[in-house]
Amino acid sequence: IDGRTVYTPLFAGVYWDTQDVPLEDIDRIEVIRGPGATVWGANAVNGVINIITKNAADTQGALLVAGGGTEALALGTAQYGGKIGRDTSYRVFTKYLDANHFPNLTGQNGEDGWHLSHAGFRSDTSLSHKDSITLQGDLYGGDEGANFGHIVSIAPPVNANVNGSALLNGGNVLTRWNHIFSSRSDTSLQLYFDRGERDGPESRDDEDNFDVDFQHHLAVGSRHDLIWGADYRHSADQTEGTIDQAWLPANRSLQLFSTSLQDEIVLKRDRVFFTVGTKLENNYFSGWDLDPSARVAWTPNKKNTFWAAVSRADRSPSRREEDADINISALAGPGGVPALVTLLGNPGQKSEHVLAYEAGYRAQPIVAFSIDVAAFFNFYTDLATTEAGSPFLVVNSPPSHLVFPLVWGNKMHGVTDGIEVSGNWKVNDRWTLSPGYALLQMHLHTGPTSQDTTTVADTEGSSPRHQAQLRSHLNLPRHFVWDASAYFVERLPAQQVPSYTRLDTQLSRQLGEGLELSLVGQNLLRDRHLESNDQLTSLNPSQIKRSAYVKIAWRFW
């Protein structure tokens, strides 16, 4: 988000519940498919989502947003943008959301309602015609519910689903200095710090991240466009475990170093471009990784572009895989001895790797229609598995009990292939249609020494083979705008999730200068449906429910 990495090495993912960027401030969202490790580093394996917000100069004046409905019980934003002198623009905002609970698998209250308060600012200053500085930051706090599997006791062994909640608090601050040496050379120096605190429902973890990133863009001659840079990141966490999960050691500090170089070469002006680069990164756990890529694009004319790419990327292990001990369930062992099934961290866990081959075609045969087709073939190695270990007896942590361990490993490999097609058709001056389709095929295998009998089927059966979408945008008379989107997702056999089609729609009307009223309906085809039932998480799934809300937005000076 604005150059700030929100991926966390604690559990190898993103805490999406705290990434609450005001929609009205978003300039664009880049969805970059395929490996992006040459630019973005480790963990940019199958794609990157890059959110870029507007310059403060583009959000001047006041903004008030308010709304509510059946699922989004309440939502609101208050924002003001102004200027300090001639050279500094700023905006400050506060935002709130209150989300209702979803039903669980039996249709009862899933106990997963949540609310979040969020405040932030951004300022953009022009120091001179060659220098500019951006300063921005956020603070948030909230609470979210969960229903999860919990070990009530080891002796006697008792497992139960219980309700809990997590307290969410955190913030970040970022500054970026851009300097222009000439029309052919510029630099960017970025620093940021963020802190996140999450208390419950299964454990507590606090995480601090500090990052310094430098990039230099340089045009060399008439054919080379170079970007090189270096990055340093320091992460530190403090955790408190429970009977369900704990990290050993409880606290840990991690460092990451990387350097990168990329060159876009003009082989034939306005026709053929070749981009080659690599990133050398020392990740938190598994040492140095090299992530090179090469891409060629041929534009025979203004209406057609052909491209192909080959690239390598890696996903580095996380604290969850190296250090976390996760108790899955309690049971009666041989002879009635209390026992635990436990997923143990593996200090020797390695990075997962992909070698990706991609090719595509983009065309605009007529002014009103464009199409994008991309195909991929990916080779994966050292994919994570869970291997059965030898049972052992624990006597120094009462009550004495037997442990049946599962240990992380890297004994799966395989290939994926598929195709993605998207189009944009301007039917007339008022109506635009945007269809899309994606096919994904997975062929995974475990190595001869693996004892894992579940991960292949679970991984292959947890991603839909077919997905399709159709989005419509229609400008109606009397300042009405109607948007509708339909999505089809095929079944997930490993999670026993049937295929579903989802329909969302929005009808909005401009009531006056700067004043807009919107009526939104989501998941309209069914009262509720299931989208995920992942057995690898202890949180119990909820069903997505049909919902509607009203929103009014007013911009004024």
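In terms of my numbering, the sequence shown opens at residue 484 and continues consecutively.
Don't be surprised by glycine CBs; every beta carbon is placed ideally from N, CA and C.
For residue 872 and residue 884, the gap between their C-alpha atoms comes out near 16 Å. Taking a contact to require three or more Cβ pairs closer than 8 Å, the segment 500-509 and the segment 754-764 do not qualify as touching. Residue 783 carries a strand assignment under DSSP once its states are collapsed to helix, strand and coil. As DSSP reads the structure, residue 896 sits in a beta bridge with 928. The alpha-carbon separation between residue 579 and residue 690 amounts to approximately 23 Å. Residue pairing by DSSP places residue 788 opposite 845 in a beta bridge. Residue pairing for residue 520: DSSP places it in no beta bridge.
With respect to the C-alpha of residue 991, the residue from 1036, 950, 949 having the closest C-alpha is 1036. Taking the Cα of residue 560 as reference, the smallest distance to any Cα among 861, 603, 824 is reached at 603.
Here the alpha carbons of residue 966 and residue 747 stand approximately 39 Å from one another.
By alpha-carbon distance to residue 862, the top candidate from 810, 796, 814 is 796. With the rule of 3 Cβ pairs closer than 8 Å, the segment 519-527 counts as touching the segment 784-798. Residues 618, 674 of the same chain have their beta carbon placed closer than 6 Å to that of residue 658, with the five preceding and five following residues left out of the count. Residue 702 and residue 750 have their C-alpha atoms roughly 15 Å apart. For residue 764, the enclosing beta strand (DSSP E) stretches over residues 755-766.
The residue among 846, 891, 584, 940 with its C-alpha nearest the C-alpha of residue 783 is 846.
By the C-beta density criterion, residue 573 is buried, having at least 16 other C-beta atoms within 10 angstroms. In the same chain as residue 915, and ignoring 5 residues on each side of it, the C-beta atoms closer than 6 Å to its own belong to 909, 956, in chain order. Between the beta-carbon of residue 723 and that of residue 768 there is about 22 Å, and that puts the pair past the 8 Å contact cut. By the CB criterion at 9 Å, residue 985 and residue 1008 fall inside the cutoff. One thing to note: residue 927 has its Cβ no nearer than 9 Å to the Cβ of residue 876. Within its own chain, the residues whose Cβ lies closer than 6 Å to the Cβ of residue 897, once the five positions on either side in sequence are excluded, are 863, 926, 927, 928, listed in chain order. Within a 10 Å sphere around the beta-carbon of residue 623 sit 16 or more other beta-carbons, which makes this residue buried.
Counting only residues of its own chain and dropping the five nearest sequence neighbours on each side, residue 1010 has a CB closer than 8 Å to the CB of 1028, 1029. Residue 1013 and residue 1026 have their C-alpha atoms spaced approximately 5 Å apart.
Nearest neighbour of residue 607 by Cα position, chosen from 626, 640, 569, turns out to be 569.
Going by DSSP, residue 690 is part of the beta strand (DSSP E) stretching over 687-703. By DSSP's assignment, residue 681 forms a beta bridge with 651, 688. In the structure shown, the three-state DSSP call for residue 921 is strand. Residue 600 and residue 577 have their C-alpha atoms roughly 8 Å apart.
Residue 584 is not bridged by DSSP to any residue. Secondary structure at residue 942: helix, using DSSP grouped into helix, strand and coil. Residue 855 has its alpha-carbon roughly 44 Å from the corresponding atom of residue 683.
Taking all protein chains shown into account, residue 513 has fewer than 16 neighbouring C-beta atoms within 10 Å of its C-beta and is therefore exposed. Bridge partners of residue 707 according to DSSP: 703, 748. One thing to note: residue 605 has its Cβ no nearer than 9 Å to the Cβ of residue 520.
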